[in-house]
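Taking this note's numbering, I'd label the letters of the sequence shown as residues 141 to 665.
First up is the structure itself, then whatever we jot down about it.
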Amino acid sequence: MENLKSKRKVLRTAVSKLFTRIENEIKNTNVNKCSLEESLKLLTVKAEELSKLDLQIEELLDSDSFEAEFEASQDYAEKINVWQFRAERKLNELKGSGESLNDNKHVVRLPKLTIPKFNGDSLYWNSFWNSFRVAIHDNTSLSKVEKFNYLRSYLSANALRAIEGFSISDENYDSVVEILKNRFGRRDIIIHAHMNKLLNLAPVHRSDDIVKLRHLYDTLEIQVRSLKSLDVKPEAYSLMLFSVLLKILPPEITLEFNRRNSDYSANYNIEKLLEFIRTELECRERNALFPISGSKSRFNFQQPPMHRNTMKWKSTAHGLMAIATSKGEDRVDHCLFCSGDHKSYSCRVGRAYERKEVLRRKGLCFFCLGKHTSRHCFRRRSCNRCKGQHNQAICFKVENKTNVSHMELLENKSEVGGAVAESQVLSTISERKPQCVLLQTSDVKIRNDTKVTRARLLLDNGSMRSFVDKDIAYKLKLPVIRRESLSVFTFGNKSPIKKTFDVVKIELENREKPDFSVKIEALVT
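Okay, structure coming up:
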């Protein structure tokens with residue numbers, strides 16, 4: 141029996157070496173298929189010889205030592221089975237990849253599919269989860285720990301914060317998926333998100349603004365289609381959505397729809413309204429492609445700014461102001477009341493009731509002075525003087541005592557001539573009162589690697605450079621990238637002061653949306 145045990149010991153040593161050999165082959169990035177098959181064949185042969193020796197030794201054992209010997213033999217047999225399975229699985233993977241390469245060698249190489257990150261917006265939960273489920277969640281070749289790692293990498297903002305505190309393990313993966321489904325994937329939450337999107341659509345004021353009309357229609361189609369996929373019938377929200385759409389559509393389109401649908405019992409069919417908007421939009425798009433010869437199309441068919449190439453030049457405040465000035469010189473605004481070269485709301489010719497009568501006679505809006513009645517106005521701005529519901533041009537509470545009667549002006553227009561503009565300027569200057577200069581501010585986070593601080597951002601549209609306080613630069617240890625010498629006009633000084641500044645690079649981060657940030661260069665003051 142001792143000879144048999146010695147022989148078994150030698151066999152077990154050889155089998156252990158085969159374990160190590162197979163493990164090294166599997167871990168290697170460039171697996172040698174022939175070597176792995178050879179190791180698997182040797183392991184199978186050695187396993188059969190070891191099994192025969194175990195049977196011979198068990199026949200010679202007494203009852204006291206049989207149990208311990210049999211248990212040790214079974215443990216070793218299990219190890220052999222595990223490494224046989226691992227070697228066979230690796231060979232099957234190599235075989236499958238080789239077949240797929242042979243099958244697809246004449247197929248066009250497709251682009252790599254990417255799963256968009258989910259930030260916690262329930263509107264996009266279904267699309268995210270369907271993509272993640274097909275690619276990763278239902279992939280049997282991945283362990284739950286690997287799936288957990290993938291899931292964390294595709295989450296951001298509120299979605300990532302919802303699973304903070306869970307350690308990466310097999311047990312926690314199912315819990316994390318359940319938490320995300322309960323918080324962002326509940327049917328009632330998704331329905332509410334789609335309805336909220338529909339009720340907060342941006343209005344389109346002009347029927348010839350094709351870009352905004354197309355954006356409105358596409359958004360409507362997406363939300364209605366998503367609600368249908370959630371088994372929400374249009375009848376459940378048609379009445380409410382119908383009223384919202386009639387308010388945000390241009391008056392011309394609303395009037396045309398009401399003219400074609402005089403039967404009020406059919407007016408609340410949302411699908412009928414969407415079909416009408418689509419038809420009107422397509423007609424305008426086709427018409428914009430064929431403008432009248434020798435004239436520009438009156439339809440706004442220009443692409444939004446985001447589709448243009450904005451990398452050709454860097455805009456500065458000075459450059460933008462120059463462009464605005466040059467554009468303004470080509471456009472002359474004529475007053476509705478006196479035909480002067482000034483804005484209508486700043487006209488001081490005549491009394492307020494006379495200007496109001498002019499608006500009524502011309503059929504113009506009392507709120508925005510537009511070419512529509514006050515009933516159909518979407519821009520109901522309050523008076524800047526008395527905060528009343530009217531335009532400041534027809535404000536009765538603050539009357540200018542030096543104003544010239546509008547009727548007298550028309551009678552003596554030939555005599556007055558160019559003096560009208562001068563009297564207006566003098567009157568405006570005499571009415572001006574000292575006012576404070578107010579600038580926009582914003583509360584932001586400033587980041588430098590791991591160091592973060594909150595600061596108040598001052599937005600000065602007339603400044604051509606950005607500045608940062610030296611205390612913040614010292615606190616965050618902002619790296620100096622260079623030094624610049626500038627001539628600066630400071631407050632109270634009429635002549636420039638030449639100074640040398642350190643230029644640092646900082647990252648401004650939105651407090652509510654941490655993913656939204658911008659990197660700028662600033663001068664330390």
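Every residue gets a Cβ at the ideal spot worked out from N, C-alpha and C, and that includes glycine.
Note that this is a predicted model, so its numbers are computed, not measured.
- Ile-255: not part of any beta strand (DSSP E); DSSP gives it neither H nor E.
- The C-beta separation of Lys-287 from Ile-276 comes to about 6 Å, placing the pair in contact by the 8 Å criterion.
- Counted as a single uninterrupted DSSP element, the alpha helix (DSSP H) harbouring Leu-200 occupies residues 173-200.
- DSSP, reduced to helix, strand and coil, places Arg-519 outside both helices and strands of the structure shown, so it counts as coil.
- Per the C-alpha coordinates, the member of Leu-190, Leu-353, Asp-371, Tyr-313 positioned closest to Arg-418 is Leu-353.
- Rounded to whole angstroms, the separation of the alpha carbons of Ser-213 and Glu-188 is 13 Å.
- Looking from the CA of Asn-650, the closest CA among Glu-392, Arg-587, Ala-662, Asn-172 belongs to Arg-587.
- Contact annotation: the segment 637-647 touches the segment 614-627, with at least three C-beta pairs closer than 8 Å.
- One Cα belongs to Asn-168, the other to Glu-661, and the distance between them is close to 47 Å.
- Within the same chain, and ignoring the five residues on either side of Val-155 in sequence, the residues whose Cβ sits closer than 6 Å to its Cβ are Lys-186.
- Cβ atoms of His-512 and Cys-505 come within 8 Å of each other, at about 6 Å.
- Taking a contact as a CB-CB distance under 8 Å, the pair Phe-507 and Gly-490 does not count as one, their CB atoms being some 19 Å apart.
- Judged by beta-carbon spacing, Leu-176 lies beyond the 8 Å limit of Glu-163, meaning their Cβ atoms are not closer than that value.
- Residue state for Ala-342 is assigned as coil, using DSSP reduced to three classes.
- Contact check between the segment 336-355 and the segment 313-328: fewer than three CB pairs, one atom from each, fall below 8 Å, which does not count as touching.
- Under DSSP, no beta-bridge partner is assigned to Ala-227.
- Here the segment 361-374 does not lie against the segment 393-403, with fewer than 3 beta-carbon pairs under 8 Å apart.
- Lys-257 is positioned such that its CB atom lies closer than 8 Å to that of Tyr-294.
- Following the DSSP letters along the chain, one finds Phe-641 inside the beta strand (DSSP E) bounded by residues 637-649.
- Under the 8 Å Cβ criterion, the segment 326-340 counts as touching the segment 254-271, having at least three qualifying pairs.
- Note that the C-beta distance between Asp-655 and Ser-271 is not below 8 Å.
- With 16 or more neighbouring CB atoms inside 10 Å of its own CB, Ala-533 falls in the buried class.
- Contact annotation: Pro-636 and Ser-625 have beta-carbon atoms that are not nearer than 8 Å.
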